[in-house]
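The UniProt record's numbering applies: residue 1 is where the first sequence begins, and numbers increase by one.
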Amino acid sequence: MLDDALREKTAYFEQQELSDKDGGDMSLGDSYLNIGPVLADSEAMPPPKLVRKPSSFLGPTPKELQMSFGARGVKQPSSFRSESSKLERSATAPGTTTTKSFPATGLRQRPTSSPQAKVPERLKRTTSLPDMKVKNELPFYKRVGVIPRELKKSNAKPADNIKLEPEGRQVLRDKVVYFYPNNDTSMPRRMRIHKIIQLGAAWVRAWREDITHIMVDESYHTYSQVLRHLNKAGLPCREQRRIFLVKFDPYVPQCIQFGTLLDPSAGRFLVKGAPISNRTAVDTDHASQSSESQGSLQVKPSLRQLTAHDSQTHSTPTENSPQNVNSDPSHPPGSSQEIVKDSFIGDEPNESTDAYNDDLSQAIQETKAIAHLPLDEEEEEGPTSSIDHDSDSGTDDEIPEPPSKRLKLSTSTPAPPKGKSKGKGKAPSSTFQCMNPSGAASSANPNSRTIEILDQMCKYYDQMQDQWRTFAYRKAISTLRKQDTKITTAKEAAVLPFIGQRLADKIEEIVLTDRLRRLDSTRDDPTDQVLRLFLGVYGAGLAQASKWIQAGYRTLDDLTTKAKLTSSQKIGIEHYSDFAQRIPRTEVEAHGTTIKSALRTLDPTFSATIMGSYRRGAKDSGDIDIIITKPSASIAQLHSLVFKTLIPSLTSSGFLKCKLATSSRTDDGTKWHGVSCLPDSTTWRRLDLLLVPEEEMGAALLYFTGNDIFNRSIRLLASKKGMRLNQRGLYRDVVRGRNREKLNEGTLVEGRSERKIFEILGVPWREPGERIC
DNA sequence: GGGCAGCGCAC
DNA sequence: GTGCGC
DNA sequence: GCCC
């Protein structure tokens with residue numbers, strides 16, 4: 001930020017005895033999917049074939065829609081559902097009534113882009129019933145093989161009641177599998193053994209001639225190791241029978257994924273050092289000789305994914321920006337402003353800080369308990385936030401903060417976030433080792449793969465605007481990040497906080513198969529894709545998107561030409577791709593500078609502060625939030641200047657493009673939501689201006705700094721203490737009715753100082769960069 | 001089965 | 001009052 | 001999704 005602004009603000013804070021820091025927004029929904037491919041797909045989407053009953057769609061409320069989301073899956077006790085879940089899934093999206101017609105009519109089709117995909121696949125599979133045979137005769141794995149121990153403890157008894165997959169999904173039916181190493185002492189391997197049994201195979205302990213597959217469970221095992229172990233010179237390969245040596249992963253996971261027995265001789269399944277098969281290594285299911293008819297479906301491994309697109313943030317060079325009135329455009333994320341304020345804060349006697357340390361820790365516990373905040377002083381692993389690109393809902397990638405700085409030293413945490421951005425790679429840890437002084441010990445999180453996949457689920461639900469599930473996943477992921485051992489079983493997972501049975505099952509599935517079918521299934525679902533496409537339109541939510549689908553619209557063009565749109569939605573569609581892109585930090589800054597410059601010429605005593613993820617040090621943001629304030633100014637004054645002068649001025653200059661929602665009332669209108677665009681750019685950005693009177697600055701800073709998880713938890717804490725916290729202040733003596741509706745406003749306790757709000761709530765101070773939960 | 005924060009604007 | 005975004 |  002600019003020196004001037006800085007000075008101004010510093011003075012302001014000092015004058016007002018504010019000890020706050022700037023904050024950021026909590027952009028909840030600023031990360032939408034990458035729409036590139038979606039758009040493409042949508043173009044290719046076939047005309048609506050949904051059989052719909054017009055009368056039936058009475059317009060479920062979002063709540064109902066979400067409930068329907070919830071309904072799916074609840075009834076899926078098995079951790080291994082696939083096709084069926086798919087059906088349910090697609091059913092959820094738009095009006096529930098239409099859903100049934102989907103599978104029944106068989107009208108659902110893939111986009112023409114993948115003609116080879118056979119439609120009937122899932123339909124077919126859904127018809128397969130859980131195998132009843134088991135009851136009548138000894139299951140194959142007991143007849144032929146050895147029964148592994150149960151998954152519970154290390155010395156559990158034999159698992160004589162393994163629930164097999166429905167026959168139709170037993171892709172390893174009648175196979176005889178030998179593992180290398182071939183015991184069930186290690187839990188992961190025991191799970192794999194269970195898995196192949198569920199898939200219809202048997203596990204044998206000793207070598208025998210009818211073995212069909214040898215599976216190694218680690219990719220570092222080599223062909224020669226296995227031969228040595230078997231004491232053989234080569235794998236037997238008679239005319240009719242051949243023993244296949246494969247890596248369990250990815251062989252079995254992929255067989256599951258494609259619902260068929262894949263060719264084990266395909267290169268990707270081969271064990272290191274194994275001779276390349278002379279047969280063509282096609283990855284189809286030709287190898288399947290099994291009696292069942294699964295061979296029919298050969299699904300093409302079309303792993304197209306929505307996420308592929310990758311918004312390449314085309315950043316607009318800062319230099320180009322008009323302003324520059326300000327001096328240091330290049331200040332580090334930490335922002336000098338913060339530093340200054342920190343020093344101000346630092347003046348507080350340490351004792352006071354220490355004094356409330358006990359209370360703080362108390363509060364931490366409490367807050368944690370209530371809100372699952374990773375308030376852990378010790379090792380909240382920083383920001384880990386970036387499991388992979390694209391942050392989750394709204395929380396933009398934050399630049400982490402060394403864990404070393406604990407809240408306790410509320411004194412002054414040096415300017416935090418280093419401008420260093422974490423690579424978008426998958427292994428988040430690598431980037432942040434610096435944060436773990438412990439060095440070597442701090443290797444990658446053992447659960448990183450699990451987290452990665454759960455995070456994808458989380459993003460999916462975010463796109464679906466299923467806020468509660470998104471919330472739950474984020475909490476669970478947070479928990480998982482704290483584990484220093486790998487969670488491999490559902491049982492293990494279920495005891496952890498915020499991980500229930502259903503997530504635990506998913507975790508086990510991930511560990512076992514390295515994927516979540518639930519995720520795979522949804523990716524290719526055309527209805528899901530359209531739904532997500534529409535949900536990406538600014539101003540459209542679940543209800544609207546579902547109505548559009550219900551009306552038969554499938555592309556953005558459909559909406560433009562046929563649908564009745566609100567003004568926001570029109571803009572949202574026109575600039576769909578703009579709004580879907582992340583805004584590079586430098587550009588956020590440029591927008592902020594433009595505002596500040598204009599403001600300064602109008603009245604130098606006004607100040608503008610960029611909030612949101614920017615304030616938390618994020619390398620890019622979903623939108624731009626700016627708080628405008630002025631010492632001793634009333635809302636009316638703020639409103640007058642901003643709405644009558646600033647906005648018209650910036651609009652005529654071409655910087656502001658349009659408004660989406662603005663306060664109407666002249667007296668206490670406090671917000672302007674619209675769109676801005678730098679002069680040399682064509683990418684429109686979401687810009688929010690917030691007018692805040694000084695007496696509410698603390699609460700506003702807190703609120704708009706986020707992140708959202710942090711906000712929710714601290715609000716929850718407030719309400720638990722009989723108080724109420726919103727962006728205007730902290731109130732006490734709030735009386736609520738039986739339905740929690742508040743019966744009175746309560747009494748204002750504090751609004752001016754962010755820090756005091758923390759204190760009153762008994763929450764240890766956290767710098768903006770530390771409010772990443 | 002309800003809560004998971006609570007608010008203001010557009011329609 | 002509902003839908004939506006913050 | 002989880003928790004109470």
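Heads up, the beta-carbon is just placed ideally off N, CA and C, and yes, glycines get one too.
Treat the numbers as computed from the prediction; the structure is a model and nothing was measured.
- The Cβ-Cβ distance between L646 and A590 does not fall below 9 angstroms.
- DSSP places M215 within a strand segment (E or B) once states are collapsed to three.
- Between V271 and V226 a beta carbon distance of about 7 angstroms is seen, short of the 8 angstroms cut, so the two are scored as contacting.
- Excluding residues up to 5 positions away in sequence, T566, S568, Q569 and G572 lie with their Cβ nearer than 6 angstroms to the Cβ of G539 in the same chain.
- Judged by DSSP in its simplified three-state form, R241 adopts coil rather than helix or strand.
- Taking P250 as the centre and dropping the five residues before and after it, the same chain places the C-beta of R268, F269 and D514 closer than 8 angstroms to its C-beta, in chain order.
- Remark: C-beta atoms of L678 and F655 approach each other more closely than 9 angstroms.
- The continuous alpha helix (DSSP H) containing S597 extends over residues R585 to L602.
- Under the DSSP definition of a beta bridge, K272 partners with T222.
- Around the Cβ of Q501, a 10 Å sphere holds fewer than 16 other Cβ atoms; the residue is exposed.
- Burial state of P158 is exposed, judged by a 10 Å Cβ sphere holding fewer than 16 other Cβ atoms.
- Restricting attention to R732, R600, A274 and S664, the CA atom closest to the CA of S649 is found in R600.
- Residue pairing from DSSP places K247 in a beta bridge opposite V216.
- Counting along the chain, F606 sits inside no beta strand (DSSP E), nor does DSSP assign it H or E at all.
- Annotation for L690: the continuous beta strand (DSSP E) segment containing it runs R685 to L691.
- In the assembly as shown, K720 is an exposed residue. Its beta-carbon has fewer than 16 other beta-carbons within 10 Å.
- Under the Cβ criterion (8 angstroms, minimum of three pairs), the segment 210 to 217 counts as touching the segment 171 to 178.
- When C-alpha distances from T586 are compared across A551, D623 and M464, the shortest belongs to D623.
- The beta carbons of I628 and L690 sit about 7 angstroms from each other, so the pair counts as a contact at 8 angstroms.
- Counting every other CB atom within 10 Å of its CB across the protein chains shown gives W468 a total below 16, marking it as exposed.
- Just measuring C-alpha positions, the residue of G674, E696, Q529 and R728 sitting nearest F579 is G674.
- Here the C-alpha atom of S713 lies approximately 12 angstroms from the C-alpha atom of Y703.
- For F179, the secondary structure class from DSSP, reduced to helix, strand or coil, is strand.
- Counting only runs that start and end inside the segment 459 to 516, the alpha helix (DSSP H) elements of at least 4 residues fall at 467 to 482, 490 to 494 and 501 to 513.
- Relative to the Cα of S607, the nearest Cα in the group S546, V252 and M697 belongs to M697.
- In the structure shown, S546 adopts helical secondary structure according to DSSP, grouped into three states.
- Taking all protein chains shown into account, R241 has fewer than 16 neighbouring C-beta atoms within 10 Å of its C-beta and is therefore exposed.
- Counting along the chain, the unbroken beta strand (DSSP E) around Y731 starts and ends at L730 to R732.
- Across the structure, Y473 and A699 are spaced so that their CA atoms are roughly 28 angstroms apart.
- Contact between S265 and F244 is confirmed by a C-beta separation of about 7 angstroms, below the 8 angstroms threshold.
- Annotation: the continuous alpha helix (DSSP H) that includes T561 extends over L556 to K562.
- When the beta-carbon positions are compared, E508 and M191 come within less than 9 angstroms of each other.
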